[in-house]
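Under this note's numbering, the letters of the sequence shown match residues 38 to 378, in that order.
Each residue gets a CB set at the ideal place from its N, CA and C atoms; glycine is no exception.
Just so it is clear, the structure is predicted and the values come from calculations on it, not from any experiment.
Beneath this line is the structure, given in structure tokens, with notes to follow.
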Amino acid sequence: IRARFVTTIRIINPAQVIKYFLHRKWCHKCKKLVEREVPGALPNARFGLNIMLLVMYLHLALRVPGAKICEYFRTIHDIKMSKGEIPHILTQLTREYGDYYAHLERLVRAARVKYTDSTSWRIKGKNYTAWVFIAAGIVLYKISKSTSHKMPLHVLGKAIKGMTLVVDRHSAYRTLARKAGYILQLCWSHILEDSRELKHAFGAEGKYVHENLKRIFALAKSLNHQATPEQVDQLKGEILQLTYKHYKHTTVRRFVNNLAHRDLEDLFRFTTDSSIDPTNNISERELRHLVMIRRISHGSRSRRGANVTAQLTSIIQTLRLRKQNVLQGLQKIFTEFQTTE
């Protein structure tokens with residue numbers, strides 16, 4: 038006799054339709070009819086909360102198009118759902134999770150070290166910008182018209198002493214640091230990628246800069262966030278030494294001079310602080326999810342639709358970053374914030 042375990046499911050799992058009889062009474066204070074809330078359902082919603090959360094998960098977490106979501110529910114659960122109901126469901130959920138999204142905003146603003154990046158977005162065929170802000174295990178998306186420092190300043194607010202932004206070399210972040218008092222740590226992945234392009238475009242000069250920057254970064258990482266002031270000065274000196282070479286190509290010379298004179302103080306903050314990462318890779322990874330949604334949907338049809346995508350995707354990616362089950366996490370958040378209200 039041997040034991041064998043087989044995992045199986047019911048491939049066709051029809052949905053249940055529950056009929057509630059609701060007693061209503063007239064409230065003399067509110068001057069309206071009041072009734073008991075239906076468990077597991079939002080006001081004026083045709084579907085139960087579990088179905089709505091599953092729609093949200095399929096559309097924004099797994100990036101399933103609306104037509105295929107409708108086919109899934111028709112095939113598996115015998116539910117007739119139109120494509121037009123999906124945006125309505127997501128809008129309802131955005132209202133319900135609005136307080137939690139505002140809670141995430143406050144946590145990001147209070148964090149000492151934050152990571153941010155941006156990419157393009159389209160609304161009704163016009164160019165917008167999608168931003169991601171990451172701090173303390175939270176992923177926060179925003180979509181705005183502006184590509185300047187105004188959106189990061191609106192989200193992050195004025196800096197408290199010691200607050201650090203890990204960013205690429207976009208000029209908007211330098212403006213933000215100057216106006217709001219943030220300390221910057223420039224992303225070494227972007228710096229090395231830019232120098233690699235110089236290597237391919239300008240031959241020996243570009244290769245000299247790239248190889249030396251790789252060596253300097255490896256030396257900085259080997260200090261394991263425990264560098265002394267003297268070691269930091271030595272690293273800065275290595276960058277300055279790159280400017281002593283005569284470069285024939287203006288692009289190479291400008292790149293080196295910018296590192297040595299404009300960006301020098303923001304290159305090696307990670308060497309003395311273990312909570313600061315030398316790269317902005319986490320922002321790149323989390324932004325990629327939004328990029329994939331953009332490629333499938335070609336952006337949003339309205340500002341409200343863009344805000345719905347940003348807010349609900351923020352909650353989903355935060356749960357993923359924390360390695361939590363997304364559907365269970367969404368149910369838990371809904372229950373907790375409904376209770377606090």
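* Spatial distance of Asn318 from Asp270 (CA atoms) -> Within the sequence shown, the letter at position 281 stands for residue 318. Within the sequence shown, the letter at position 233 stands for residue 270. Rounded to whole angstroms, Asn318 to Asp270 spans 26 Å at the Cα level.
* **Ser339, enclosing alpha helix (DSSP H) - first and last residue** => Taking the first residue of the sequence shown as 1, we reach residue 339 at position 302. Careful: Ser339 lies outside any alpha helix (DSSP H) and carries neither H nor E.
* To do: Pull up the distance between the alpha-carbon of Ala241 and that of Thr44, whole angstroms please.
  => The residue given as residue 241 occupies position 204 in the sequence shown. The residue given as residue 44 occupies position 7 in the sequence shown. In a straight line, the C-alpha of Ala241 is about 60 Å away from that of Thr44.
* Can you tell me which of the three DSSP states Ile319 falls into? => The residue given as residue 319 occupies position 282 in the sequence shown. Helix.
* Cβ-based neighbour list, Cys224, same chain, cut-off 6 Å, excluding 5 preceding and 5 following -> Numbered from its first residue, the sequence shown carries residue 224 at position 187. Taken in chain order, the residues that qualify are Asp205, Thr316 and Asn317.
* Opening and closing residue of the beta strand (DSSP E) in which Leu235 lies -> On the sequence shown, position 198 is the one that residue 235 refers to. Run containing Leu235: none in the beta strand (DSSP E); it sits in the alpha helix (DSSP H), Trp225 to Ser259.
* Would you kindly work out how many angstroms separate the C-alpha atoms of Arg90 and Ser119, rounded to a whole number? => Mapped onto the sequence shown, residue 90 falls at position 53. Mapped onto the sequence shown, residue 119 falls at position 82. One point to set straight first is that residue 90 is Leu, not Arg, in the sequence displayed. Rounded to whole angstroms, Leu90 to Ser119 spans 16 Å at the Cα level.
* Asked: Is Ala343 closer than 8 Å to Ile106 when the C-beta atoms are compared?
  -> Locating residue 106 in the sequence shown gives position 69, where the first residue counts as 1. Locating residue 343 in the sequence shown gives position 306, where the first residue counts as 1. Contact flag unset, no.
* **Identity of the residues DSSP links to Ala167 by a beta bridge** => Counted from its first residue, the sequence shown places residue 167 at position 130. When beta bridges are read from the DSSP output, Ala167 appears opposite Thr156 and Ile180.
* Where do the N-terminal and C-terminal ends of the beta strand (DSSP E) with Cys107 fall, by residue? -> As a working mapping, residue 107 is identified with position 70 in the sequence shown. No beta strand (DSSP E) holds Cys107; the alpha helix (DSSP H) holding it covers Gly103 to Ile113.
* Could you check where the alpha helix (DSSP H) with Thr201 kicks off and where it finishes? -> As a working mapping, residue 201 is identified with position 164 in the sequence shown. Unbroken run through Thr201 is the beta strand (DSSP E), Thr201 to Val204; no alpha helix (DSSP H).
* To do: For the alpha helix (DSSP H) holding Lys273, just list the boundary residues, first then last.
  => The count along the sequence shown starts at 1 and reaches residue 273 at position 236. First-last of the alpha helix (DSSP H) with Lys273: Pro266 to Gln278.
* Leu221 (DSSP reduced to helix, strand or coil) -> Reading the sequence shown from its first residue, position 184 is the one you call residue 221. DSSP places Leu221 within a strand segment (E or B) once states are collapsed to three.
* Rounded separation between Leu279 and Ala255 - CA only -> As a first step, residue 279 is located in the sequence shown; it is residue number 242 there, counting from the start. As a first step, residue 255 is located in the sequence shown; it is residue number 218 there, counting from the start. Going by the C-alpha atoms only, they are around 16 Å apart.
* State the Cα-Cα distance for the pair Thr308 and Lys251, rounded to the nearest angstrom. => Taking the sequence shown and counting its residues from 1, the one referred to as residue 308 is at position 271. Taking the sequence shown and counting its residues from 1, the one referred to as residue 251 is at position 214. Straight-line Cα distance between these residues: approximately 15 Å.
* Asked: For the beta strand (DSSP E) that Lys69 lies in, which residues bound it at each end?
  -> Counting from one through the sequence shown, the residue named residue 69 turns up at place 32. Per DSSP, Lys69 belongs to the beta strand (DSSP E) from Lys69 to Glu72.
* Arg285: first and last residue of the uninterrupted beta strand (DSSP E) it sits in -> Mapped onto the sequence shown, residue 285 falls at position 248. The sequence given here places Lys at residue 285; Arg does not occur at that position. Here Lys285 belongs to no beta strand (DSSP E), and DSSP marks it neither H nor E.
* Asked: Are the beta-carbon atoms of Ser351 and Leu177 separated by less than 8 Å?
  -> Taking the first residue of the sequence shown as 1, we reach residue 351 at position 314. Taking the first residue of the sequence shown as 1, we reach residue 177 at position 140. Yes. Within cutoff.
* Asked: Taking the continuous beta strand (DSSP E) assigned at Lys187, which residues delimit it?
  -> Taking the first residue of the sequence shown as position 1, residue 187 is located at position 150. Counting along the chain, Lys187 falls outside any beta strand (DSSP E), though it belongs to the alpha helix (DSSP H) covering Lys187 to Leu193.
* Note down, in chain order, each residue of its chain lying with its Cβ closer than 6 Å to the Cβ of Ala52, except the 5 sequence neighbours on either side. => In the sequence shown, residue 52 corresponds to position 15, counting from 1. Contacts found: His114 and Ile116.
* In the DSSP assignment, find the alpha helix (DSSP H) that holds Arg132 and state where it starts and stops. => Working through the sequence shown from its first residue, we reach residue 132 at position 95. Per DSSP, Arg132 belongs to the alpha helix (DSSP H) from Glu122 to Glu133.
* Roughly how many angstroms separate the alpha carbons of His237 and Asp231, rounded to a whole number? -> Here residue 237 corresponds to residue number 200 of the sequence shown, with the count starting at 1. Here residue 231 corresponds to residue number 194 of the sequence shown, with the count starting at 1. Answer to the nearest angstrom: the Cα atoms are 10 Å apart.
* Minimum C-alpha distance to Asp314 - residue among Ala257, Gly162 and Arg290 -> In the sequence shown, counting from the first residue as 1, residue 314 sits at position 277. Answer by Cα proximity: Ala257.
* From Val246 to Val293, what does the alpha carbon distance come to, in whole angstroms? -> As a first step, residue 246 must be located in the sequence shown, where it is residue number 209. As a first step, residue 293 must be located in the sequence shown, where it is residue number 256. Their backbone Cα atoms lie some 8 Å apart in a straight line.
* Asked: So, do the segment 182-200 and the segment 141-152 have three or more beta carbon pairs nearer to each other than 8 Å?
  -> yes
* **Selected residue, minimal CA-CA separation from Glu302, among Lys187, Tyr219 and Lys179** => Within the sequence shown, the letter at position 265 stands for residue 302. Considering only alpha carbons, the answer is Tyr219.
* To do: Give me the Cβ distance between Thr153 and Leu202, rounded to the nearest whole Å; I'm assuming they're in contact under 8 Å.
  => What you label residue 153 is simply residue 116 of the sequence shown in a count that begins at 1. What you label residue 202 is simply residue 165 of the sequence shown in a count that begins at 1. With a Cβ gap of about 6 Å, Thr153 and Leu202 count as contacting.
* Residues bridged to Ala172 [DSSP beta-bridge criterion] -> As a working mapping, residue 172 is identified with position 135 in the sequence shown. In the DSSP output, where bridge partners are listed per residue, Ala172 has Ile175.
* For Val71, which option in Trp63, Ile126 and Ala78 has the closest C-alpha, if you only look at C-alpha atoms? -> One-based indexing of the sequence shown puts residue 71 at position 34. Checked all of Trp63, Ile126 and Ala78; the closest Cα to Val71 is Trp63.
* To do: Can you check DSSP and say which residues form a bridge with Arg61?
  => Stepping through the sequence shown from its first residue, residue 61 is reached at position 24. Its beta-bridge partners are Glu72.
* For the alpha helix (DSSP H) that Asn295 lies in, which residues bound it at each end? -> For this step, residue 295 is matched to residue 258 along the sequence shown. That residue, Asn295, is in no alpha helix (DSSP H); it is neither H nor E in DSSP.
* Helix, strand or coil: which one does DSSP assign to Val54? -> For this step, residue 54 is matched to residue 17 along the sequence shown. Three-state DSSP puts Val54 in coil, outside helix and strand.
* Which stretch, first to last residue, makes up the alpha helix (DSSP H) that contains Leu90? -> Position 53 of the sequence shown, counted from the first residue, corresponds to residue 90. Leu86 to Met93 is the span of the alpha helix (DSSP H), which, as asked, contains Leu90.
* Asked: Arg111: beta carbon under 7 Å from a heavy atom of the ligand SAH?
  -> Looking at this structure, you won't find the ligand SAH or any other ligand, since it has none at all.
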